[in-house]
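Student: This note's numbering numbers the first residue of the sequence shown as 202 and each following residue consecutively.
Just so it is clear, CB atoms sit at the ideal spot from N, CA and C, and this is done for glycine as well.
Bear in mind the structure is a predicted one, so any value in this text is a computation, not a measurement.
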Amino acid sequence: MKKSKRAKKISQIVGEEKKLNTLEAIELLKKCPKLKFDESIEMSLKLGVDPKKSDQQVRGTVSLPHGSGKKLKVLVFAKANKVEEALDAGADYAGADEYVEKIKGGWLDFNAVIATPDMMREVGKLGKILGPRSLMPTPKSGTVTQDVAKAVKEIKAGKVEFKVDKNASINTIVGKLSFESKKLLENFETLMAAITKAKPSSSRGIYIRNLVLSSTMGPGIVIDLQSLNIT
């Protein structure tokens with residue numbers, strides 16, 4: 202297959218680069234030809250855990266110091282005065298049964314979901330829709346809460362959730378390509394600290410097996426794990 206001009210340019214820039222440290226990888230991605238939109242910088246990790254075992258689940262949330270750069274639409278399931286609290290805090294949508302019915306009808310114009318505890322019985326009925334999209338609110342992630350205002354503000358400010366998938370991988374956003382390299386590095390280090398802290402006690406051997414940084418439409422750069430001083 203014939204390569205596009207952009208693909209050829211990327212190949213010239215990346216070349217046969219060996220594993221790089223994080224800052225080198227970020228700088229390399231920034232050198233690649235730009236697109237008309239602001240690409241995201243994403244990280245993909247392969248972990249030394251068995252996600253089939255309940256005691257080897259890896260998940261958590263972390264607030265990125267410089268935000269993710271991603272504009273999220275937040276839906277809050279709540280009743281009465283909590284609806285007003287959520288909207289005042291910046292939620293895009295807030296309500297109860299009407300949104301349950303909208304989602305059952307195929308509506309999915311949101312990126313994050315928060316719910317008050319008294320709404321979880323109804324929200325739980327949406328498990329087959331929200332679950333596969335990693336949108337189901339949970340107490341552990343802080344998205345099942347009475348303090349909906351705080352939860353909304355945290356998500357809008359750049360709080361991200363990470364979760365190991367069935368292939369023992371974690372894929373999450375680091376920031377936008379337009380961010381300064383230093384800010385991307387600080388976001389990355391914050392994410393890595395949270396993921397490392399979330400290591401299950403039952404996990405044996407090497408925890409982080411492989412780590413790749415990439416941009417939305419760019420190449421994947423393998424990170425030298427020794428440069429991170431983690432296992």
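(1) So what does DSSP say about V259, is it helix, strand or coil?
(2) For P252, I'd like the list of residues in its chain whose CB is within less than 6 Å of its CB, leaving aside the five on either flank, ordered along the chain.
(3) Let me make sure I understand the geometry here. Which of E285, D298, L273 and T262 has the alpha-carbon closest to that of F456?
(4) Can you find the residues in the same chain that come closer than 8 Å, C-beta to C-beta, to A350, ignoring five residues on each side of it along the sequence?
(5) Which residue wins for smallest C-alpha separation from I424, given the options Q258, M393 and A279?
(6) Quick check on the DSSP output: the alpha helix (DSSP H) that includes A290 runs from which residue to which?
(7) Name, in chain order, the residues that DSSP records as bridge partners for T373.
(8) Apart from the five residues on each side of it in sequence, which residues of its chain come closer than 6 Å, Cβ to Cβ, to S428?
(9) Say whether the stretch 229-246 touches the stretch 406-416, bearing in mind that this needs 3 or more beta-carbon pairs closer than 8 Å, one atom from each stretch.
(10) With DSSP as the reference, identify every bridge partner of Y408, one or two as the case may be.
(11) Using 8 Å as the threshold, is the C-beta distance between I170 and T344 below it?
(12) What is the DSSP secondary structure of E381, counted as helix, strand or coil?
(13) Provide the residue span of the alpha helix (DSSP H) that contains K231, from first to last.
(14) Using only the alpha-carbon positions, how far apart do L426 and G325 sit?
(15) Rounded to whole angstroms, what is the Cα-Cα separation between N430 and K232?
(16) If I measure Cβ to Cβ from G296 and keep anything under 7 Å in the same chain, skipping five residues before and after, which residues do I get?
Tutor: According to the structure shown:
(1) Position 58 of the sequence shown, counting from 1, holds the residue named residue 259. Reduced to three states, the DSSP call for V259 is coil.
(2) As a working note, residue 252 is residue 51 in the sequence shown. Correct list, in chain order: V365, K367 and A369.
(3) With the chain running from 202 to 432 in the structure shown, residue 456 is simply not present.
(4) Within the sequence shown, residue 350 is the residue found at index 149, counting from 1. Only E286, A287, D289 and A290 meet the Cβ criterion.
(5) The residue labelled residue 424 in the question sits at position 223 within the sequence shown. Comparing Cα-Cα distances from I424 to each of Q258, M393 and A279, the minimum goes to M393.
(6) To locate residue 290, count along the sequence shown from 1; it is residue 89. Per DSSP, A290 belongs to the alpha helix (DSSP H) from N282 to A290.
(7) The sequence position of residue 373 within the sequence shown is 172, counting from 1. Paired residue(s): M244.
(8) Numbered from 1 along the sequence shown, position 227 holds the residue referred to as residue 428. Result list for S428: N222, in chain order.
(9) In short, these stretches touch, since the Cβ pair count reaches three.
(10) Locating residue 408 in the sequence shown gives position 207, counting from the first residue. Its beta-bridge partners do not exist; DSSP assigns none.
(11) The structure shown does not extend to residue 170, since the chain spans only 202 to 432, so no value can be given for it.
(12) Position 180 of the sequence shown, counting from 1, holds the residue named residue 381. E381 sits in coil when the DSSP states are folded into three classes, being neither helix nor strand.
(13) To locate residue 231, count along the sequence shown from 1; it is residue 30. T223 to K232 is the extent of the alpha helix (DSSP H) around K231.
(14) To locate residue 426, count along the sequence shown from 1; it is residue 225. To locate residue 325, count along the sequence shown from 1; it is residue 124. The alpha-carbon atoms of L426 and G325 are separated by roughly 39 Å.
(15) Here residue 430 refers to the residue found at position 229 when the sequence shown is read from its first residue. Here residue 232 refers to the residue found at position 31 when the sequence shown is read from its first residue. It is roughly 26 Å from the alpha-carbon of N430 to the alpha-carbon of K232.
(16) Residue mapping note: residue 296 aligns to position 95 of the sequence shown, counting from 1. Excluding sequence neighbours, G296 sits near V284.
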